[in-house]
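Quick notes on the structure that follows.
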Amino acid sequence: MYENAEDTSGEVCSKCGTWIDHWRNLKKSKSPTQCQRVGCGAEATDGAHVKDSKGNVMIIPLCRSCNLEKGKFNLKDESLLVSSESC
Ligand SMILES: [Zn+2]
Ligand SMILES: [Zn+2]
Numbered sequence: 001m002y003e004n005a006e007d008t009s010g011e012v013c014s015k016c017g018t019w020i021d022h023w024r025n026l027k028k029s030k031s032p033t034q035c036q037r038v039g040c041g042a043e044a045t046d047g048a049h050v051k052d053s054k055g056n057v058m059i060i061p062l063c064r065s066c067n068l069e070k071g072k073f074n075l076k077d078e079s080l081l082v083s084s085e086s087c
């Protein structure tokens, strides 16, 4: 289970710009990506900071409304998680 890390929406990656650009840089992906929250079919517009059960913070593509959700959720594909620190 994952949950949104708090108070990160105003931050940007100093190298990449927005967090969805950071995600695309690390995944070498330019194509639109579906929101990775289970049960949501919207297009991902945000690179969201999510926390796993151990408190590790990573970036995953989510749509805007899922990025603002509180509470825990599952991801469709955990292999799409990228580090928020290295790029
Ligand atoms: Zn970056
Ligand atoms: Zn969504």
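Everything in the sequence shown is counted per the working numbering, starting at 1 for the first residue and increasing by one.
Even for Gly, the Cβ is constructed at its ideal location relative to N, Cα and C.
Notebook entry, point to check: Relative to ligand 2, is the shortest distance from any of its heavy atoms to the C-beta of leucine 68 smaller than 7 Å?
Noted result: Counting from 1 along the sequence shown, the entry for residue 68 is found at position 68. No, ligand 2 has no heavy atom inside 7 Å of this Cβ.
Notebook entry, point to check: When we look at the beta-carbon of leucine 68 and count the other beta-carbons within 10 Å, is it buried (16 or more) or exposed?
Noted result: On the sequence shown, residue 68 is found 68 positions in, with the first residue counted as 1. Burial call: exposed.
Check: Helix or strand or just coil, what does DSSP make of glutamate 43?
Finding: Residue 43 sits at position 43 when you count from the first residue of the sequence shown. Three-state result, glutamate 43: strand.
Check: Does the Cβ of alanine 42 lie closer than 7 Å to at least one heavy atom of ligand 2?
Finding: Within the sequence shown, numbered from 1, the residue matching residue 42 stands at position 42. Flag set: Cβ of alanine 42 near ligand 2.
Next item on the list: Please list the segments of the beta strand (DSSP E) lying wholly inside the segment 27–75, counting only runs of 3 or more residues, in order along the chain.
Entry: 46–51 and 57–62
Notebook entry, point to check: Does ligand 1 have even one heavy atom less than 7 Å from the beta-carbon of lysine 30?
Noted result: For the purposes of this step, residue 30 is taken as the residue at position 30 of the sequence shown. Lysine 30: no, Cβ never under 7 Å from ligand 1.
Next item on the list: With DSSP as the reference, please indicate the residues paired to valine 82 in a beta bridge.
Entry: For the purposes of this step, residue 82 is taken as the residue at position 82 of the sequence shown. In DSSP, valine 82 forms a bridge with Ile59.
Notebook entry, point to check: Tell me the DSSP bridge mates of cysteine 13?
Noted result: The residue given as residue 13 occupies position 13 in the sequence shown. In the DSSP output, where bridge partners are listed per residue, cysteine 13 has Gly17.
Check: Taking just the CA atoms, how far does methionine 58 sit from valine 12?
Finding: Locating residue 12 in the sequence shown gives position 12, counting from the first residue. Locating residue 58 in the sequence shown gives position 58, counting from the first residue. For valine 12 and methionine 58, the distance between alpha carbons rounds to 14 Å.
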